[in-house]
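A short worksheet on the structure shown next.
There are 2 protein chains.
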Amino acid sequence: MSRAAFDDLRQRLAEIQDLWKTAALLSWDQQVMMPSGGAAIRAEQLATVGRIAHTKFISADIGRLLEDLRGFGEHHDYDSFEASLIRVATRDWEKASKVPPDLRAEMSRSAALANPVWVAARRDNDFASFLPVLRKNLDLRKRYIDCFEVGDEPYDIVLDDYERGMKTAEVRRIFDYVKEHQSPLVKEVAEQTQVEKREKTFDIEAQKIFELEVVREFGFSSDSWRLDPTVHPFASGTGVTDIRITTRYFTDGLEGLFGTMHEFGHGLYEHQVDPSLERSPLARGTSLGLHESQSRMWENMVGRSLPFWRRFFPRAQELFGDALAGHDADSWYREVNAVEPSLIRVEADEATYNLHIILRFELEQAMLADEFPLEQLPEEWNRRMWEYLGIEVPNDTTGVLQDVHWSSGSIGYFPTYALGNLISAQIWERITAELPDLPSAIEAGDFAPLRDWLRENLHRHGRKFTPTETLERVVGTSQIDPEPYVRYLREKLAGIYGIAA
Amino acid sequence: MSRAAFDDLRQRLAEIQDLWKTAALLSWDQQVMMPSGGAAIRAEQLATVGRIAHTKFISADIGRLLEDLRGFGEHHDYDSFEASLIRVATRDWEKASKVPPDLRAEMSRSAALANPVWVAARRDNDFASFLPVLRKNLDLRKRYIDCFEVGDEPYDIVLDDYERGMKTAEVRRIFDYVKEHQSPLVKEVAEQTQVEKREKTFDIEAQKIFELEVVREFGFSSDSWRLDPTVHPFASGTGVTDIRITTRYFTDGLEGLFGTMHEFGHGLYEHQVDPSLERSPLARGTSLGLHESQSRMWENMVGRSLPFWRRFFPRAQELFGDALAGHDADSWYREVNAVEPSLIRVEADEATYNLHIILRFELEQAMLADEFPLEQLPEEWNRRMWEYLGIEVPNDTTGVLQDVHWSSGSIGYFPTYALGNLISAQIWERITAELPDLPSAIEAGDFAPLRDWLRENLHRHGRKFTPTETLERVVGTSQIDPEPYVRYLREKLAGIYGIAA
Numbered sequence: 002m003s004r005a006a007f008d009d010l011r012q013r014l015a016e017i018q019d020l021w022k023t024a025a026l027l028s029w030d031q032q033v034m035m036p037s038g039g040a041a042i043r044a045e046q047l048a049t050v051g052r053i054a055h056t057k058f059i060s061a062d063i064g065r066l067l068e069d070l071r072g073f074g075e076h077h078d079y080d081s082f083e084a085s086l087i088r089v090a091t092r093d094w095e096k097a098s099k100v101p102p103d104l105r106a107e108m109s110r111s112a113a114l115a116n117p118v119w120v121a122a123r124r125d126n127d128f129a130s131f132l133p134v135l136r137k138n139l140d141l142r143k144r145y146i147d148c149f150e151v152g153d154e155p156y157d158i159v160l161d162d163y164e165r166g167m168k169t170a171e172v173r174r175i176f177d178y179v180k181e182h183q184s185p186l187v188k189e190v191a192e193q194t195q196v197e198k199r200e201k202t203f204d205i206e207a208q209k210i211f212e213l214e215v216v217r218e219f220g221f222s223s224d225s226w227r228l229d230p231t232v233h234p235f236a237s238g239t240g241v242t243d244i245r246i247t248t249r250y251f252t253d254g255l256e257g258l259f260g261t262m263h264e265f266g267h268g269l270y271e272h273q274v275d276p277s278l279e280r281s282p283l284a285r286g287t288s289l290g291l292h293e294s295q296s297r298m299w300e301n302m303v304g305r306s307l308p309f310w311r312r313f314f315p316r317a318q319e320l321f322g323d324a325l326a327g328h329d330a331d332s333w334y335r336e337v338n339a340v341e342p343s344l345i346r347v348e349a350d351e352a353t354y355n356l357h358i359i360l361r362f363e364l365e366q367a368m369l370a371d372e373f374p375l376e377q378l379p380e381e382w383n384r385r386m387w388e389y390l391g392i393e394v395p396n397d398t399t400g401v402l403q404d405v406h407w408s409s410g411s412i413g414y415f416p417t418y419a420l421g422n423l424i425s426a427q428i429w430e431r432i433t434a435e436l437p438d439l440p441s442a443i444e445a446g447d448f449a450p451l452r453d454w455l456r457e458n459l460h461r462h463g464r465k466f467t468p469t470e471t472l473e474r475v476v477g478t479s480q481i482d483p484e485p486y487v488r489y490l491r492e493k494l495a496g497i498y499g500i501a502a
Numbered sequence: 002m003s004r005a006a007f008d009d010l011r012q013r014l015a016e017i018q019d020l021w022k023t024a025a026l027l028s029w030d031q032q033v034m035m036p037s038g039g040a041a042i043r044a045e046q047l048a049t050v051g052r053i054a055h056t057k058f059i060s061a062d063i064g065r066l067l068e069d070l071r072g073f074g075e076h077h078d079y080d081s082f083e084a085s086l087i088r089v090a091t092r093d094w095e096k097a098s099k100v101p102p103d104l105r106a107e108m109s110r111s112a113a114l115a116n117p118v119w120v121a122a123r124r125d126n127d128f129a130s131f132l133p134v135l136r137k138n139l140d141l142r143k144r145y146i147d148c149f150e151v152g153d154e155p156y157d158i159v160l161d162d163y164e165r166g167m168k169t170a171e172v173r174r175i176f177d178y179v180k181e182h183q184s185p186l187v188k189e190v191a192e193q194t195q196v197e198k199r200e201k202t203f204d205i206e207a208q209k210i211f212e213l214e215v216v217r218e219f220g221f222s223s224d225s226w227r228l229d230p231t232v233h234p235f236a237s238g239t240g241v242t243d244i245r246i247t248t249r250y251f252t253d254g255l256e257g258l259f260g261t262m263h264e265f266g267h268g269l270y271e272h273q274v275d276p277s278l279e280r281s282p283l284a285r286g287t288s289l290g291l292h293e294s295q296s297r298m299w300e301n302m303v304g305r306s307l308p309f310w311r312r313f314f315p316r317a318q319e320l321f322g323d324a325l326a327g328h329d330a331d332s333w334y335r336e337v338n339a340v341e342p343s344l345i346r347v348e349a350d351e352a353t354y355n356l357h358i359i360l361r362f363e364l365e366q367a368m369l370a371d372e373f374p375l376e377q378l379p380e381e382w383n384r385r386m387w388e389y390l391g392i393e394v395p396n397d398t399t400g401v402l403q404d405v406h407w408s409s410g411s412i413g414y415f416p417t418y419a420l421g422n423l424i425s426a427q428i429w430e431r432i433t434a435e436l437p438d439l440p441s442a443i444e445a446g447d448f449a450p451l452r453d454w455l456r457e458n459l460h461r462h463g464r465k466f467t468p469t470e471t472l473e474r475v476v477g478t479s480q481i482d483p484e485p486y487v488r489y490l491r492e493k494l495a496g497i498y499g500i501a502a
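Quick mapping for you: the protein sequence lines, in order, are chains A and B. For the first sequence, our numbering assigns the number 2 to the initial residue and increments by one for each residue that follows. For the second sequence, our numbering assigns the number 2 to the initial residue and increments by one for each residue that follows.
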């Protein structure tokens, strides 16, 4: 009887998962393949598929099945498919069904309408024109928060959407440590002799060849992956063996390559989820923070490491010729790790990136709490940029208007970027302890040990466990600990800048 | 009150149309972009989206709305959006709701399972291994027919799925005329001096450049179209300004180019549907026959015409060099119109193509009527190939196993290919009468008059009218008339082979 109910639930959730993956394809295609003329009708198709998936999920039928199956779930092992599916779906259902469909629709509509306003405001350096839609998004987000019982802080509700179970107070504690230790590090580096950079030009066709060679060694294969150019890089896909990453190219540097390695990290997490979880809500990474730990690990711990460049520098020199003249693997390693406080988050280096996030985390809480009139947001932004990064913001285009997130109402998302950085170092310490030969494997182009370790310890679980449960399985503690990241940074920068290790 | 009901209906149908267009994208992506690893889950996604669309459409709610809106529809002009939507949706609903979902699911499943069996059977020239799945598909198709009241002939039911309102007896009458007049024409040509062909090699990159230049002059533009390579060419898309055509390339000839022009014709029909019909079931071509008339017109009446090659031959010669050495526009025009009875339908020329179809039309009726044991199908096939085309079939791979259609249970589809050929000539006679300067416009690369004529007289109506109503609007008669096609052929071949005009 319960088995039949479970099969019923599983089938319903599979159908819903099919719809979400279909929506992912609609969105991937929109950004990568669609002729511009398709924009208006694609918005309708995305809205329709999303609405049907959501309506089916929050149905009373599923609520009843989950209720009936509570005992069935508890009689199975905690990490069994059955118990995990019921547990995760119950949690999702309880959160999703608290939000009236009308509010959800209004949030989507408002985000869609705000996007072009933000694009124009950023282009024209005109914060005032963005202000009304920002206010609208913020009001909707407050109404969204009001749908739930607020425990400690309202921000907990939105944070939980991206990093399940994480508390604002916990993030604050972590970020305070980061501010205390990472800010001085940036200042120490600034007092050293800087890495000299000269202007270069990297041929785009050569970049395409190079990045494919790199991700192929990482584990990309054309039977399960695609790599395409796009305006804003992202990772997507329709299943564990259909992973799609996107990238972009610049002629003045290899930021595109690092972006490709970043998206590979996201893609690999999805690719290595246990195939038996396919067509269930368990078939993806467990949180944005854990996901970002994977992208940052491949981008930074691997892609900005000395063993990596010892492996790939000769080939890069072949392909890019003049651009790398006068460099060797070691000097190039220093250049790609140069620390330089800058205005734009997405271009920030490993040492300054988290500080960009902390600024946003603080502003988001202040906005939700109406701590200052929204008109003052640019000043609040600029003040913190000076305080944390020692940078003067010349205009709002390169300041408060730089990110897309607030135009889509995505408040609570930013912290996961920094948490991902911190987690990546926790995991990396564990990996390098368990795989002492990893640096030489990387230098030999053998990425299988790293890939396998990640599959076995992290990826295969998908969403079976909460972020903290997952972290505990991977590194032995459920706490996000900022110390390993600061240690990692200090050690790396000691080698490059000669600061104290 | 009725207006509110109509808006409700319209909104429900819009949602269903979004789902069908989403399914079209899932399928386009599957054939053009998807890594092979996505196959299994893509089948689930397609099944889910199709099932939801179908279930929503045949719902009692929609049946009730259609019933309630009958009077509302009748109070609007016949060609108004309101009357047309209600009329067409009622007709679709009545047919769709007669088929039990289980039978529909079994037909889909059986088709999916039969496909790989057919692929292997064709590869191995092993009809016996295909026989059981063919029998299964045929049985299901008979059960499908049993869902309806059969009027004159069971074949009417399946024919109507592809060419609404068309009767088997009518097709037979038309095809008898074709057999009587087209078969002798082929024999007459066979007695003349043949067009001499020598082996050539066409560079594939040059083909890609050339076909894009051609379809751009036709009206392809990258803001509303895509063109991609695939194994089996087709036209698809997600809306009137997102049209996707696909093609393939051969090094030994320009079949790929003709295929591209063919798919352009399909694409243009969809592209020029009145945008006000978007997100409704009216937003597509009215039947497969009318659709094929458009693809064949651009492929043959335009692409295999002398004015076309006078326009494009110089550029072709630039691009393909040696392959066209010794040719001029006139001699090349003769070569691309050479008549040569051959084994394979998709490679057949304009004079023999319809005969391939007639053979299949006759066999399909015989199979549904159990006129011979299914084991004898190859013999029945081969006998007709000899009779109609004077060709001996060396094996089933190039005979009865060549087409995919029967493996997917698509019985009743084939006739629309030949009907499309015939309709294309009816329309072409009308166009050339109304646009006497068309040949010189084509020679000057000006395709706007043709495109505009087609939009105004045919394309914009979408599915508002039945195929016969549509035909009547375009050419002044609701009858498919085979005479213009035979006239067109005889005239063209008179110029090339010197037979009597």
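For glycine and all other residues, C-beta sits at the position ideal for the given N, C-alpha and C.
Residue from the options whose Cα sits closest to the Cα of residue i
i          : options                                        : result
Ile-359(A) : Gln-12(A), Ala-112(A), Arg-174(A)              : Arg-174(A)
Val-159(B) : Ser-411(B), Ile-428(B), Tyr-498(B), Thr-471(B) : Ser-411(B)
Val-120(A) : Ser-28(A), Trp-407(A), Lys-168(A)              : Trp-407(A)
Arg-280(B) : Trp-454(A), Gly-39(A), Ala-5(A)                : Gly-39(A)
Pro-36(A)  : Val-241(B), Val-151(B), Glu-95(B), Asp-162(B)  : Val-241(B)
Pro-440(B) : Ser-98(B), Trp-29(B), Trp-310(B), His-292(B)   : Trp-310(B)
His-263(A) : Gly-327(A), Val-151(A), Phe-221(A)             : Phe-221(A)
Trp-21(A)  : Gln-46(A), Ala-330(A), Phe-7(A), Asp-69(A)     : Gln-46(A)
Leu-186(B) : Glu-341(B), Leu-278(B), Ile-205(B)             : Glu-341(B)
Pro-308(A) : Tyr-334(A), Leu-289(A), Leu-278(A)             : Tyr-334(A)
Met-1(B)   : Asp-153(B), Val-179(B), Trp-29(B)              : One cannot answer for residue 1(B) here, as it falls past the ends of chain B, which runs 2 to 502.
Run of the alpha helix (DSSP H) containing residue i, from where it starts to where it stops
i          : result
Leu-390(B) : Note, Leu-390(B): premise wrong, no alpha helix (DSSP H); not H, not E.
Ile-158(A) : 156-163
Gly-260(A) : 256-272
His-182(A) : 169-191
Glu-218(B) : 205-219
Beta-carbon proximity check, residue i vs residue j, cutoff 8 Å
i          : j          : result
Gln-193(A) : Ile-424(A) : no
Leu-459(A) : Pro-450(A) : no
Phe-128(B) : Val-401(B) : yes
Glu-300(A) : Gly-254(A) : no
Val-475(B) : Ile-428(B) : yes
Ala-24(B)  : Ala-54(B)  : yes
Glu-532(B) : Pro-468(B) : Residue 532(B) lies beyond the residue range present for chain B, which begins at 2 and ends at 502; the question has no answer from this structure.
Ser-288(B) : Glu-164(B) : yes
First through last residue of the beta strand (DSSP E) which encompasses residue i
i          : result
Arg-245(B) : 243-248
Thr-49(A)  : First-last for Thr-49(A): 40-58, but that is the alpha helix (DSSP H), not the beta strand (DSSP E).
Trp-21(A)  : Here Trp-21(A) belongs to no beta strand (DSSP E); instead the alpha helix (DSSP H) covers 3-33.
Pro-230(A) : 226-230
Identified DSSP bridge partners for residue i
i          : result
Ser-109(B) : DSSP, once it has assigned bridges, lists no residue as partnering Ser-109(B).
Ala-236(A) : Ile-246(A)
contact_flag[the stretch 107-118 of chain A, the stretch 128-146 of chain A] where n(CB pairs < 8 Å) is 3 or more
Touching, per the Cβ criterion.
So does the stretch 287-298 of chain B actually touch the stretch 324-332 of chain B, counting three or more Cβ pairs closer than 8 Å?
The stretch 287-298 of chain B is not in contact with the stretch 324-332 of chain B.
Pairs of beta-carbons, one from the stretch 303-319 of chain B and one from the stretch 66-81 of chain A, closer than 8 Å: are there three or more?
Counting Cβ pairs under 8 Å, fewer than three are found: no touch.
For the pair the stretch 89-102 of chain B and the stretch 148-167 of chain B, tell me if three or more CB-CB distances fall below 8 Å.
Touching, per the Cβ criterion.
Using a Cβ distance threshold of 8 Å, determine whether the stretch 350-359 of chain B contacts the stretch 176-186 of chain B, with at least three qualifying pairs required.
Touching, per the Cβ criterion.
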